[in-house]
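Residue numbers (numbering that gives the first Met the number 0), protein chains in the order written: chain Z, 0 to 138; chain R, 0 to 138.
All C-beta atoms in this analysis are idealised placements derived from N, C-alpha and C, irrespective of residue type, glycine included.
Computed from a predicted model, the values in this text were never measured in an experiment.
Written below as structure tokens is the structure these notes are about.
Number of protein chains: 2
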Amino acid sequence: MPMQITRESDYAVRCLLYLKERGDAFSAVGEISETMSIPRTFTSKILQKLTKAGIVRSVRGVGGGFTLNREPGKITLLDVIEAVEGPIKVNVCVIDRKSCDRVETCSVHHIWVKMRKDIRKWLESYNFSNIEEAENTPR
Amino acid sequence: MPMQITRESDYAVRCLLYLKERGDAFSAVGEISETMSIPRTFTSKILQKLTKAGIVRSVRGVGGGFTLNREPGKITLLDVIEAVEGPIKVNVCVIDRKSCDRVETCSVHHIWVKMRKDIRKWLESYNFSNIEEAENTPR
DNA sequence: TAAAATAGGATAAAATTACTCCCATATCAG
DNA sequence: CTGATATGGGAGTAATTTTATCCTATTTTA
């Protein structure tokens with residue numbers, strides 16, 4: 000499953016689309032998971048990560064649930080993906096130089112570094128305000 | 000291991016860097032794997048894939064081995080990664096629409112499609128001629 | 001025909017992803 | 001202050017994928 004976002008990231012995006020729709024209301028896990036077709040307990044875990052990352056806010060107890068913690072326009076795809084998957088690496092050696100003994104002499108190391116930078120920049124350019132506006136690719 | 004090339008792709012790139020260095024000579028698996036620190040039998044499998052993809056050419060028997068099948072400048076990173084990992088997906092629904100029952104109503108589907116397109120274009124812009132030239136990122 | 005090489009299928013080991021379960025903790029209504 | 005309804009978090013399980021290895025067949029040259 001290389002060069003691919005995880006199902007978890009996809010689910011996280013769905014959760015946020017739902018919460019955006021709900022505006023200021025608080026939504027419970029069950030409601031989100033059913034509407035967005037995500038396994039319930041997994042949804043719970045994902046929302047926990049999003050909460051820890053400060054992307055959503057939670058309230059426990061009766062009438063509690065989750066809601067966006069900031070404007071949709073200030074939540075980027077990068078924020079979401081890194082919240083659930085951890086920092087994007089592209090190649091292990093980019094984050095952890097000692098993972099590769101060839102790193103000193105490697106003539107392509109800089110390519111992976113640049114690729115990571117460019118992918119992160121790309122993901123950062125989409126947020127939950129412009130993500131749905133973005134022109135639909137015709138056919 | 001999301002948004003990350005596989006070790007296999009990394010190994011494939013190493014193989015090609017080595018073969019480029021060797022010019023028109025044929026190199027045996029053992030030689031490539033030892034020099035580039037790749038497990039021997041795995042190297043063999045990777046070279047098989049690269050051969051099938053037409054990126055390298057092989058000759059069996061005494062004095063045989065592998066050599067590039069075309070100019071380094073005509074072998075892109077995309078060619079190599081897709082040769083070993085298969086087509087880049089970014090998200091399952093991009094390649095296989097029926098993998099996601101939400102695809103009809105999904106307001107972000109087009110984002111994954113665009114992301115795939117842009118990543119492929121990026122990878123296509125690097126080949127084994129310009130990949131090493133590319134300015135080394137200072138510090 | 002023997003030696004040296006790749007080709008390919010099957011399988012094994014390790015790691016990661018994709019979940020589930022259970023109990024603790026918080027919040028609110030009555 | 002108690003019970004019902006939520007989320008929080010740790011631990012564990014299942015499924016899939018990645019990362020290999022092994023063995024045998026086939027090709028090629030000397």
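Query raised in the report: For Ile87/Z and chain R, any beta-carbon pair shorter than 8 Å?
Result: Residue mapping note: residue 87/Z aligns to position 88 of the first sequence, counting from 1. It does; some Cβ of chain R falls within 8 Å.
**Report entry** Boundaries of the alpha helix (DSSP H) in which Ile50/R is found, first to last residue
**Finding:** Locating residue 50/R in the second sequence gives position 51, counting from the first residue. Per the sequence shown, the amino acid found at residue 50/R is Thr instead of Ile. Where Thr50/R is concerned, the enclosing alpha helix (DSSP H) stretches over 39-51.
Report task. Give the DSSP-derived three-state secondary structure of Gly64/R in the structure shown. Result -> For the purposes of this step, residue 64/R is taken as the residue at position 65 of the second sequence. DSSP places Gly64/R in strand when its eight states are reduced to three.
**Report entry** Neighbouring residues, chain Z, relative to Ser106/R (Cβ below 8 Å)
**Finding:** Along the second sequence, read from residue 1 onward, the residue named residue 106/R stands at position 107. Within chain Z, the residues near Ser106/R are Leu16, Ile130, Glu131.
Query raised in the report: What residues from the region 0-11 of chain R come within 9 Å of chain Z, judged by C-beta to C-beta, listed N to C?
Result: Met0, Pro1, Met2, Gln3, Ile4, Thr5, Arg6, Glu7, Ser8, Asp9
Query raised in the report: What is the rounded straight-line gap between the Cα of Ile94/Z and the Cα of Arg21/Z?
Result: Taking the first residue of the first sequence as position 1, residue 94/Z is located at position 95. Taking the first residue of the first sequence as position 1, residue 21/Z is located at position 22. Their Cα atoms are separated by approximately 37 Å.
Query raised in the report: Across which residues does DSSP place Thr75/Z in a beta bridge pair?
Result: The sequence position of residue 75/Z within the first sequence is 76, counting from 1. Thr75/Z pairs with Asn126/Z.
Requested in this report: Apply the 10 Å Cβ neighbour rule to Pro137/Z and answer buried if 16 or more other Cβ atoms are within range, or exposed otherwise.
Outcome: Within the first sequence, numbered from 1, the residue matching residue 137/Z stands at position 138. Its pLDDT being 43, under 50, Pro137/Z is placed unreliably in this model, and the value from its coordinates should be taken loosely. The residue in question, Pro137/Z, is exposed, as its Cβ has fewer than 16 Cβ neighbours within 10 Å.
Requested in this report: Apply the 10 Å Cβ neighbour rule to Asn90/Z and answer buried if 16 or more other Cβ atoms are within range, or exposed otherwise.
Outcome: Here residue 90/Z is taken as the residue at index 91 of the first sequence, counted from 1. The residue in question, Asn90/Z, is buried, as its Cβ has 16 or more Cβ neighbours within 10 Å.
Query - Contact set between Asp117/R and chain Z, taken where Cβ atoms lie within less than 7 Å - result: Translated into the one-based positions of the second sequence, residue 117/R becomes position 118. Within chain Z, the residues near Asp117/R are Trp121.
Query raised in the report: Taking the alpha-carbon positions, what's the Met2/R to Glu30/R distance?
Result: For the purposes of this step, residue 2/R is taken as the residue at position 3 of the second sequence. For the purposes of this step, residue 30/R is taken as the residue at position 31 of the second sequence. Cα-Cα distance, rounded: 31 Å.
Query raised in the report: Nearest CA to the CA of Ala11/Z: which residue from Ser128/Z, Val79/Z, Asp100/Z?
Result: In the first sequence, the residue the question calls residue 11/Z occupies position 12. It is Val79/Z.
Requested in this report: Pull up the distance between the alpha-carbon of Asn126/R and that of Glu33/Z, whole angstroms please.
Outcome: In the second sequence, counting from the first residue as 1, residue 126/R sits at position 127. In the first sequence, counting from the first residue as 1, residue 33/Z sits at position 34. Rounded to the nearest angstrom, the two C-alpha atoms are 46 Å apart.
Query - Cβ shell of Ser98/Z (< 7 Å), same chain only, five flanking positions each side left out - result: The residue labelled residue 98/Z in the question sits at position 99 within the first sequence. The answer, listed in chain order, is Val91, Cys92.
Query raised in the report: Is Gly72/Z buried or exposed, if buried means 16 or more other CB atoms sit within 10 Å of its CB?
Result: The residue you call residue 72/Z lines up with position 73 of the first sequence. Exposed, since its Cβ has fewer than 16 Cβ neighbours within 10 Å.
Query raised in the report: What residues from the region 63-85 of chain R come within 8 Å of chain Z, judged by C-beta to C-beta, listed N to C?
Result: Leu76, Ile80, Glu84
**Report entry** Range covered by the beta strand (DSSP E) that runs through Val55/R
**Finding:** Here residue 55/R corresponds to residue number 56 of the second sequence, with the count starting at 1. Residues 55-58.
Query raised in the report: Of all the CB atoms in chain R, is at least one closer than 8 Å to the CB of Ile54/Z?
Result: Counted from its first residue, the first sequence places residue 54/Z at position 55. No, no contact with chain R.
Requested in this report: Give the straight-line distance between the Cα atoms of Ile4/Z and Val61/R, rounded to the nearest whole angstrom.
Outcome: Residue numbering aside, residue 4/Z sits at position 5 when the first sequence is read from its first letter. Residue numbering aside, residue 61/R sits at position 62 when the second sequence is read from its first letter. Going by the C-alpha atoms only, they are around 45 Å apart.
Query raised in the report: When you compare only the Cα positions, how much space is there between Val102/R and Trp111/R?
Result: The count along the second sequence starts at 1 and reaches residue 102/R at position 103. The count along the second sequence starts at 1 and reaches residue 111/R at position 112. Their Cα atoms are separated by approximately 11 Å.
Query raised in the report: Closest to Ile130/R by CA distance: which of His108/R, Leu16/R, Ala82/R, Pro38/R is it?
Result: Taking the second sequence and counting its residues from 1, one reaches residue 130/R at position 131. Nearest C-alpha to Ile130/R: Leu16/R.
Report task. Could you pull out every residue in the same chain whose Cβ sits closer than 7 Å to the Cβ of Arg68/Z, ignoring the five residues on either side in sequence? Result -> Residue mapping note: residue 68/Z aligns to position 69 of the first sequence, counting from 1. Here residue 68/Z turns out to be Asn, not Arg, going by the sequence shown. Same-chain partners within the cutoff: Gly53, Ile54, Val55, Arg56.
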